[in-house]
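The sequence shown runs 334 to 520 under my numbering.
First up is the structure itself, then whatever we jot down about it.
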Amino acid sequence: DPLLRGAVPPAFLAPPRPGVPGLVFPTAPFRAPAPDLLPLVPAWGAGVLSRFASFAMPAPATAFAETRRVVRPDGRVALAVWGPPERNSFFTAVMMVLVQQGHLDPPEPHGPGPFALADHERLQALLEEAGFGDVRTEDVVGRFALPSIEEYVQVIADTSGPIGLAVQALPDADRQAVTAQCEAALE
Numbered sequence: 334d335p336l337l338r339g340a341v342p343p344a345f346l347a348p349p350r351p352g353v354p355g356l357v358f359p360t361a362p363f364r365a366p367a368p369d370l371l372p373l374v375p376a377w378g379a380g381v382l383s384r385f386a387s388f389a390m391p392a393p394a395t396a397f398a399e400t401r402r403v404v405r406p407d408g409r410v411a412l413a414v415w416g417p418p419e420r421n422s423f424f425t426a427v428m429m430v431l432v433q434q435g436h437l438d439p440p441e442p443h444g445p446g447p448f449a450l451a452d453h454e455r456l457q458a459l460l461e462e463a464g465f466g467d468v469r470t471e472d473v474v475g476r477f478a479l480p481s482i483e484e485y486v487q488v489i490a491d492t493s494g495p496i497g498l499a500v501q502a503l504p505d506a507d508r509q510a511v512t513a514q515c516e517a518a519l520e
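And the structure:
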């Protein structure tokens, strides 16, 4: 049976462009419609796998309701989201520096972003309200080890949606200042 996998929504990587599908990560047989096209997908999927895409949805309740609709009644959903900001210095160090320097707007509470679904109770409630049963959440602790602060800033620039775009847009002098402040924040 096909597996429907979450795509990184275009809005997470760039300004929204109607009808442009998100990025997908290849593995097993799957279909990966863009999130805004889910209403056009008939109910058929054995399951949904979303690796760090769900938190980028502007309307998670709607996205999860559509996910429930397209998954067979006996299908499953597995998703990964980031935990709370206080436990994720990988993002918060650079995010706080960018906000403090005026290069990035502060994130909206529960708006799209790395921590939008960090609260276990909120995530569970959203999934249950969408019609999923037997909802379970668990923490999986990981550690990012990079060889230098410059590599850290480059990884953020290359992989972190709006945060990365803000880093990419910095003039060299500002990027050096952000790098130095991130180094101090991560010590």
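Beta carbons: idealized from backbone N, C-alpha and C, even for Gly.
Taking Cβ positions, are residue i and residue j nearer each other than 8 Å?
i, j, result
"Leu459", "Ala413", "no"
"Val500", "Val427", "yes"
"Val403", "Val410", "no"
"Phe397", "Ala451", "no"
"Leu456", "Thr470", "yes"
What residue range is occupied by the uninterrupted alpha helix (DSSP H) comprising residue i?
i, result
"Val511", "Asp505 to Leu519"
"Phe423", "Ser422 to Gln433"
"Ala499", "Gly494 to Gln501"
Quick one: give me the first and last residue of the beta strand (DSSP E) that residue i is part of.
i, result
"Leu412", "Val404 to Ala413"
Write down the C-beta distance between residue i and residue j rounded to the nearest angstrom, noting that I regard them as a contact closer than 8 Å.
i, j, result
"Val430", "Ala518", "7 Å"
"Phe424", "Ile482", "Incorrect: roughly 15 Å between the Cβ atoms, too far for contact."
Take residue i as the anchor and find which of the options has the nearest alpha-carbon.
i, options, result
"His436", "Pro406, Ala510 and Asp452", "Ala510"
"His443", "Asp407, Gln514, Ser387 and Asp505", "Ser387"
"Gly475", "Arg401, Thr492 and Trp415", "Trp415"
"Glu301", "Val468, Ala502, Thr512 and Arg469", "One cannot answer for residue 301 here, as it falls past the ends of the chain, which runs 334 to 520."
"Val473", "Pro406, Asn421, Glu399 and Pro391", "Asn421"
"Phe448", "Pro418, Asp505 and Asp467", "Pro418"
"Cys515", "Leu498, Ser383, Ile489 and Arg455", "Ile489"
"Val486", "Arg508, Gln434, Gly446 and Gln457", "Arg508"
"Val445", "His453, Met390, Pro504 and Pro480", "The sequence shown places Pro at residue 445, rather than the Val named in the question. Of His453, Met390, Pro504 and Pro480, the residue nearest in Cα terms is Met390."
"Arg401", "Pro440, Glu441, Val468 and Pro439", "Val468"
Taking only beta-carbon positions, decide if residue i is within less than 8 Å of chain B.
i, result
"Phe448", "Of the protein chains in the structure, only one exists, and it is not chain B."
Which parts of the region 447-472 are runs of the alpha helix (DSSP H), unbroken and 4 residues or longer, counting only runs that do not cross its ends?
-> 453-462
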